[in-house]
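Working notes for the structure below.
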Amino acid sequence: MRVDYREEPCRSALNRVKGMAFGWSLNPYMGCVHRCTFCYVRAFERRADRPSDDRYGASIRVKINVVDVLRKELARASWEGESVAVGAATDPYQPAEGRYRLTRCCIEAFAEASNPFSLITRGPMIVRDLDVLTDAARRAKVSITFSIPTLDEEVWRKTEPSTAHPRQRLRAVKELVDAGIKVGVGMAPILPGISSKPSQLAEVVRAAREAGACGIWTNTLFLRPGTREHFLASLARDWPEELDRYERLYDGRAYLGAEHTNPLRAAVAELAKEHGVRDRRRVRLEPEPPVIAEQLALAV
49 MRVDYREEPC RSALNRVKGM AFGWSLNPYM GCVHRCTFCY VRAFERRADR
99 PSDDRYGASI RVKINVVDVL RKELARASWE GESVAVGAAT DPYQPAEGRY
149 RLTRCCIEAF AEASNPFSLI TRGPMIVRDL DVLTDAARRA KVSITFSIPT
199 LDEEVWRKTE PSTAHPRQRL RAVKELVDAG IKVGVGMAPI LPGISSKPSQ
249 LAEVVRAARE AGACGIWTNT LFLRPGTREH FLASLARDWP EELDRYERLY
299 DGRAYLGAEH TNPLRAAVAE LAKEHGVRDR RRVRLEPEPP VIAEQLALAV
């Protein structure tokens, strides 16, 4: 698919977030070429009256001034140094980053301000920035999540058509962890009847443990309007025998209830315990405690 890259300035870099596990987000790009069939951002695109169907990912907005804007916002007296989630509505290491390097420069800005951040990606390109990530992790709390919902070849190819192979992502996890960065694996979304078999879940957990992942979590599929239509159309094409199941499961709702999500989370948690998935880093890059940092400053 031909991709149009639109270089446009942004008014703000940091975005206030409500109803999520984090309070602030930053997205150097808008739109994503990965074209995952289940992408929840399609719902936001539809609400903004932008394409959420097969055209999603054909146009990427590049926030060419995002680094300068971010530095100004981090320097404000009113900024309280809260943690920022990078990549909540786009993949910050999609192919455009190879040219524009906006994510790398934003990490440098966070490091300069000693500001904590988390980052979620499917892009192994992140290992290019190991130098700035290690510098940032010595100054503030830094965590990375690699999204790896499945290692099943068929499921990966059909649901994440333009992403790097999951095994490539696992190699990136290992390289980052070996350098001392805290990296976890996010198994999301798990697709009932498609990627939810016990053997499929166990395969990902074992591989995450072998790569040195510091933790692992999982979640099910969200089907808001925009995502719903595209995913169900993809399902009808690739797994038509599952269409009736999903129409029943998601009848009148976008989220599965606890009766579905709790057993899944419990199964993955039990697998993580069984295989010993925990923070086993030999090198741990972490900021110095404030008291020690102050004492060193006084000594100098």
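Counting in our numbering, the sequence shown tops out at residue 348, every number present.
Each residue gets a CB set at the ideal place from its N, CA and C atoms; glycine is no exception.
Boundaries of the beta strand (DSSP E) in which residue i is found, first to last residue
i	result
residue 72	72-74
residue 165	165-169
residue 194	190-195
residue 111	107-111
residue 53	52-56
Reference residue i; option with closest CA among the options
i	options	result
residue 58	222, 71, 120 and 89	120
residue 264	109, 287 and 198	198
residue 311	201, 107, 267 and 285	267
residue 89	270, 326 and 325	270
residue 220	247, 243, 249 and 255	255
residue 107	85, 298, 144 and 260	144
residue 186	71, 233, 226 and 159	159
residue 249	234, 260 and 335	234
residue 67	93, 334, 294 and 136	136
residue 189	209, 83, 229 and 212	229
residue 70	279, 167 and 318	167
residue 278	77, 93, 196 and 218	93
residue 302	317, 313, 284 and 280	280
residue 123	61, 148, 337 and 152	61
Between the CA atoms of residue j and residue i - distance to the nearest angstrom
i	j	result
residue 115	residue 74	10 Å
residue 127	residue 173	30 Å
residue 192	residue 132	12 Å
residue 183	residue 150	17 Å
residue 81	residue 276	19 Å
residue 288	residue 300	20 Å
residue 139	residue 51	15 Å
residue 328	residue 257	10 Å
residue 201	residue 63	36 Å
residue 162	residue 55	28 Å
residue 291	residue 252	25 Å
residue 237	residue 105	19 Å
residue 164	residue 155	10 Å
residue 332	residue 322	24 Å
residue 307	residue 315	13 Å
residue 111	residue 282	31 Å
residue 273	residue 298	11 Å
residue 330	residue 226	7 Å
residue 194	residue 296	31 Å
residue 259	residue 86	26 Å
residue 326	residue 245	23 Å
residue 109	residue 97	15 Å
residue 224	residue 178	7 Å
residue 83	residue 210	6 Å
residue 181	residue 319	30 Å
residue 215	residue 169	14 Å
residue 239	residue 285	15 Å
residue 293	residue 309	16 Å
residue 305	residue 125	43 Å
residue 222	residue 261	7 Å
Counterpart residues of residue i in DSSP-defined beta bridges
i	result
residue 133	73 and 166
residue 78	109
residue 64	72
Start-to-end residues for the alpha helix (DSSP H) that takes in residue i
i	result
residue 150	150-160
residue 139	From DSSP, residue 139 is part of no alpha helix (DSSP H); its letter is neither H nor E.
residue 119	114-122
residue 183	178-187
Cβ-heavy atom distance, residue i to the ligand ATP, below 7 Å
i	result
residue 50	Among the components of this structure there are no ligands whatsoever, and the ligand ATP is therefore not found.
Give, in chain order, every unbroken run of the alpha helix (DSSP H) that is at least 4 residues long and sits entirely within the segment 207-244. 214-226
Enumerated in chain order, which unbroken segments of the beta strand (DSSP E) with a length of 3 residues or greater are wholly contained in the segment 236-314? 264-268
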